[in-house]
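Position one of the sequence shown corresponds to residue 12 (our numbering), numbered consecutively onward.
In what follows, a single structure is set out as C-alpha cells and then discussed.
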Amino acid sequence: MVTSQPSLMPTTSSPTMAPTRPMVTSQPSPVPTTSSPSMTPTEAVVTNPLTTAPISAHPSMAPQSLDSSFEPTDTAVTDPPTPLPVTEPPTMAPSVPEVTGAPSHLPTTLAPSVATSAPSPMPTTSAPSQPSQGKDSGPGPGPSGPTLEEFIFSSLTDDGSLNDEDSPQYRALQVTEEIGLDPNSVDDQQDIIQSYAMSTFYFATGGENWETNSGWTLEKVCDSDSSEWFGVTCLGGDVTGLNLTLNGLEGSIPSEIRGVSTLNSLILTHNVLQSQIPSEIGILSDLVTLNVGNNFFDGGIPSEIGNLENLETFEGYYNEIDFVPSEIGGLTRLRSFDLYYNMVTALPDSFGDLQRLGTSISTPIFVVISFLLTNENQTPSL
C-alpha cells in the first residue's frame with residue numbers, strides 16, 4: 012500500500028514542476044517560507060524519488076523526468092544563488108560613502124570661511140588708528156611729524172645712547188618728555204633742544220648729588236627772561252649763562268652742550284670735572300667767557316676753540332691740559348688766557364697774533380701761562 016502510492020507519484024509528475032516554482036520563489040526568499048505548508052508533500056516527493064529512483068518500475072520515466080528536470084533545476088537552483096552574490100552591487104554602496112565623501116569637498120567650500128577670515132587684515136587697516144592716537148596724546152607728534160626721540164636724534168644725539176637706559180642721554184629724554192613739549196611745534200623746538208641739552212649735562216655731571224640742584228629737569232629750562240633752574244640765566248626764552256662754581260659737579264661735559272647755542276657765559280670752576288674739553292664747545296659761537304679752572308681736564312684744548320670769535324676770557328688753571336692748538340691765534344677778541352698749573356710745554360706761533368693779551372711765565376715745574384690785559388695795544392712777549 013505504501014509502495015503503490017509512490018507509483019502514483021510519477022503520474023503526478025506535475026509536482027516535478029514544483030521545482031520550477033522554487034526557481035521562481037527562490038528569488039524572493041520570503042515566498043518559500045509562506046509556501047512551506049504546500050511544500051510538505053513535495054518534500055515527501057523529493058525524498059521518495061531519491062530513495063525510489065533506482066527502484067522505480069518506470070526507469071524510462073525516472074531518468075527522463077529526473078535527468079530533464081533535476082539537472083536543469085540543480086543548475087537552475089544553484090545558478091540563481093550565484094546571481095545573488097552578483098547582487099553585491101550593494102557593495103557598490105561604498106561608492107555611496109564616496110559620494111558621502113563628497114562632503115569632504117565641502118571643506119573646500121570652507122574656502123569662503125577663509126575668505127571670511129580675510130577681514131582679519133582689516134585690523135591691519137586699523138593702523139591708521141595709531142596716528143589718531145598720536146593726535147590724542149596731547150603734545151605728542153602729529154601723524155606725519157617726528158616723535159620727540161626722533162627729533163632729538165636728528166638734532167643732537169645720534170650715537171645710539173638714547174637706547175641705553177643707563178646713559179645721561181636716555182634719562183634726559185625721559186624728563187624732557189615729561190615736560191610736555193611738541194617736537195612738531197616750531198615754538199617748542201628750541202625749548203626742547205635747550206631743556207634736553209641741559210638735562211643731559213645735569214645727569215652727565217651727577218646732578219642728583221650737586222650741592223644745589225633746585226628746579227633742574229622739572230620744567231622747561233627758560234620761561235621768558237627767568238629760569239627756575241639753579242645757576243641758569245635766561246634772556247628772551249634762551250639760555251645765556253650757566254654758573255655752577257663750587258657745586259660738586261663730577262664727570263665730564265657731554266657733547267650735547269652744543270644744544271645751548273645761545274650760551275655766552277659758561278663757568279664751571281672748582282668742581283671735579285674730568286676728561287677732555289669737548290670739541291663741540293666750538294659750536295657755541297656766542298660764548299664770551301669760558302671758565303673751567305680748578306678741575307681735572309686733561310689732553311689738549313680742542314682746535315674748534317678757534318671758532319669762538321666772540322671769546323674774550325679763557326680760564327683753565329689747575330688742570331692737566333698739555334696742548335694749545337694753533338687755532339687759538341684766531342681769537343682776536345681774547346683778553347685773558349689763563350693756564351696756571353697745567354702740562355703745556357710749548358705755545359703755537361699764532362700766539363703772536365693775539366694783540367690784546369699780556370704774558371707772564373713762572374714756576375719751574377710746570378709751564379704756567381697767564382695772559383692778562385694790561386694795555387689794549389700791548390703785544391705779547393714770550
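Glycine residues also receive a C-beta, built at the ideal position from the N, C-alpha and C atoms.
In this text the structure is predicted, and so the values were computed from the model without any measurement.
Rounded straight-line distance, which links the Cα of residue j to that of residue i
| i | j | result |
| --- | --- | --- |
| residue 282 | residue 303 | 9 Å |
| residue 287 | residue 231 | 28 Å |
| residue 159 | residue 200 | 10 Å |
| residue 306 | residue 330 | 6 Å |
| residue 209 | residue 167 | 12 Å |
| residue 180 | residue 350 | 31 Å |
| residue 253 | residue 228 | 15 Å |
| residue 273 | residue 170 | 24 Å |
| residue 297 | residue 344 | 12 Å |
| residue 357 | residue 324 | 20 Å |
| residue 247 | residue 361 | 37 Å |
| residue 211 | residue 311 | 24 Å |
| residue 190 | residue 338 | 40 Å |
| residue 178 | residue 313 | 24 Å |
| residue 320 | residue 292 | 12 Å |
| residue 359 | residue 226 | 43 Å |
| residue 198 | residue 280 | 34 Å |
| residue 188 | residue 322 | 34 Å |
| residue 275 | residue 205 | 14 Å |
| residue 184 | residue 271 | 16 Å |
| residue 239 | residue 175 | 28 Å |
| residue 165 | residue 156 | 13 Å |
| residue 219 | residue 172 | 20 Å |
| residue 192 | residue 251 | 21 Å |
Nearest-angstrom beta carbon gap, residue j and residue i [assumed within contact, 8 Å]
| i | j | result |
| --- | --- | --- |
| residue 278 | residue 244 | Rounded, the Cβ-Cβ distance is 11 Å, inconsistent with contact. |
| residue 340 | residue 364 | 4 Å |
| residue 289 | residue 317 | In fact, because the Cβ distance is near 15 Å, the residues do not count as touching under 8 Å. |
Exposure of residue i, with buried meaning 16 or more beta-carbon neighbours within 10 Å
| i | result |
| --- | --- |
| residue 395 | Look at the range of the chain in this structure, 12 to 393, and you will see that residue 395 is not part of it. |
| residue 267 | buried |
| residue 126 | Note that residue 126 scores 41 on pLDDT, short of 50, meaning its location in the model is unreliable; the coordinates nonetheless yield the value given after this. Result: exposed. |
| residue 182 | buried |
| residue 1 | Past the edges of the chain, shown from 12 to 393, lies residue 1, and the structure says nothing about it. |
| residue 249 | buried |
| residue 263 | buried |
| residue 237 | exposed |
| residue 234 | exposed |
| residue 93 | Residue placement at residue 93 cannot be trusted, given a pLDDT of 47 that sits under 50; what the coordinates show is reported in the next sentence. Per the 10 Å Cβ criterion, exposed. |
| residue 104 | Confidence in residue 104 is poor, its pLDDT being 44 and thus under 50, which makes the residue's placement unreliable; the coordinate value appears in the next sentence. Answer is exposed; the Cβ neighbour count stays below 16. |
| residue 58 | Confidence at residue 58 is low in this model, with a pLDDT of 41, below 50, so the placement of that residue should be treated as unreliable; the coordinate-derived value is given next. Residue 58 should be labelled exposed. |
Selection from the options that minimises the alpha carbon distance to residue i
| i | options | result |
| --- | --- | --- |
| residue 223 | 349, 241 and 270 | 241 |
| residue 284 | 298, 340 and 214 | 214 |
| residue 221 | 189, 261, 247 and 185 | 261 |
| residue 347 | 300, 317 and 186 | 300 |
| residue 269 | 327, 207, 248 and 366 | 207 |
| residue 353 | 367, 239, 225 and 327 | 327 |
| residue 355 | 361, 342, 366 and 333 | 333 |
| residue 367 | 357, 342 and 358 | 342 |
| residue 203 | 178, 186 and 237 | 186 |
| residue 315 | 321, 322 and 294 | 294 |
| residue 194 | 184, 178, 162 and 175 | 162 |
| residue 217 | 265, 320 and 174 | 265 |
Strand pairing of residue i, partner residues [DSSP]
| i | result |
| --- | --- |
| residue 249 | 246 |
| residue 185 | BP columns for residue 185 are empty, so no partner. |
| residue 331 | 309 |
| residue 1 | One cannot answer for residue 1 here, as it falls past the ends of the chain, which runs 12 to 393. |
| residue 195 | Residue 195 pairs with nothing; no bridge assigned. |
| residue 161 | Answer is none; residue 161 lacks a bridge partner. |
| residue 277 | 253 and 301 |
Residue i at chain B interface by Cβ criterion, 9 Å
| i | result |
| --- | --- |
| residue 323 | The structure shown contains no chain B; it holds only a single protein chain. |
Residue i Cβ short of 8 Å to the ligand FMN heavy atom set
| i | result |
| --- | --- |
| residue 362 | What this structure holds is no ligand at all, so the ligand FMN is not there to describe. |
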